[in-house]
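Peer 1: Let me give you the structure first, and then I'll get to my questions.
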Amino acid sequence: MKLIKFVFKIIAAPLVVVLTIATPIFTFLFCYAATLLEIVSGIGVLVSIALLISGEKLGCGVFLFLSFLISPFGIPAIAEWLIDRLRSLNYSLRYFIMS
Numbered sequence: 003m004k005l006i007k008f009v010f011k012i013i014a015a016p017l018v019v020v021l022t023i024a025t026p027i028f029t030f031l032f033c034y035a036a037t038l039l040e041i042v043s044g045i046g047v048l049v050s051i052a053l054l055i056s057g058e059k060l061g062c063g064v065f066l067f068l069s070f071l072i073s074p075f076g077i078p079a080i081a082e083w084l085i086d087r088l089r090s091l092n093y094s095l096r097y098f099i100m101s
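Numbers given in my numbering equal positions in the sequence shown, counted from 1, plus 2.
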C-alpha cells in the first residue's frame with residue numbers, strides 16, 4: 003500500500019509544480035481581463051440604452067444580455083471559480099505529497 007501511495011506522490015509532484023506556476027499567471031491574466039470586460043460591459047449598457055431610446059427593443063435586449071455575460075456576474079465569475087478550484091487542487095496535492 004505504501005508503494006502505491008509513493009507512486010501516486012511521484013505522479014502528483016509535477017502537477018503541483020505546474021499548478022504552482024500556472025495559478026498566479028491565470029490570476030494575473032484574470033485581473034486584467036476582468037477590468038477590460040467591465041469597461042466593455044459598461045459600453046454595452048450605454049449602447050443598449052441608446053437602442054432602447056431609438057425604439058430597437060430586440061437589439062436593446064441582446065446588448066443587455068451580452069453586457070450581463072461579460073459583466074463581473076457572468077463569465078468572469080465562472081473564470082474566478084475555476085481559478086479557485088485550481089488553487090484548492092494545488093493545495094490538496096501538496097497536502098497529499100506531504101502526508
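Don't be surprised by glycine CBs; every beta carbon is placed ideally from N, CA and C.
If you scan the region 27-87 from start to end, which runs of the alpha helix (DSSP H) of 4 or more residues do you find wholly inside it?
Peer 2: Whole alpha helix (DSSP H) segments, 4+ residues: 59-72.
Peer 1: Is the beta carbon of Lys11 less than 9 Å from the beta carbon of Phe98?
Peer 2: For the purposes of this step, residue 11 is taken as the residue at position 9 of the sequence shown. For the purposes of this step, residue 98 is taken as the residue at position 96 of the sequence shown. Against a cut-off of 9 Å, the Cβ pair of Phe98 and Lys11 comes out as a contact.
Peer 1: Closest to Ser50 by CA distance: which of Gly61, Ile41, Leu21 is it?
Peer 2: For the purposes of this step, residue 50 is taken as the residue at position 48 of the sequence shown. Of the listed residues, the one whose Cα sits closest to Ser50 is Gly61.
Peer 1: Can we say the region 82-90 touches the region 22-37, given the rule of at least three CB pairs closer than 8 Å?
Peer 2: Touching, yes.
Peer 1: Among Val9, Leu31, Ala14, Val18, which residue has its Cα nearest to the Cα of Pro78?
Peer 2: For the purposes of this step, residue 78 is taken as the residue at position 76 of the sequence shown. Per the Cα distances, Leu31.
Peer 1: Out of Ser43, Ala14, Val9, which one is the CA nearest neighbour of Phe65?
Peer 2: Mapped onto the sequence shown, residue 65 falls at position 63. Checked all of Ser43, Ala14, Val9; the closest Cα to Phe65 is Ser43.
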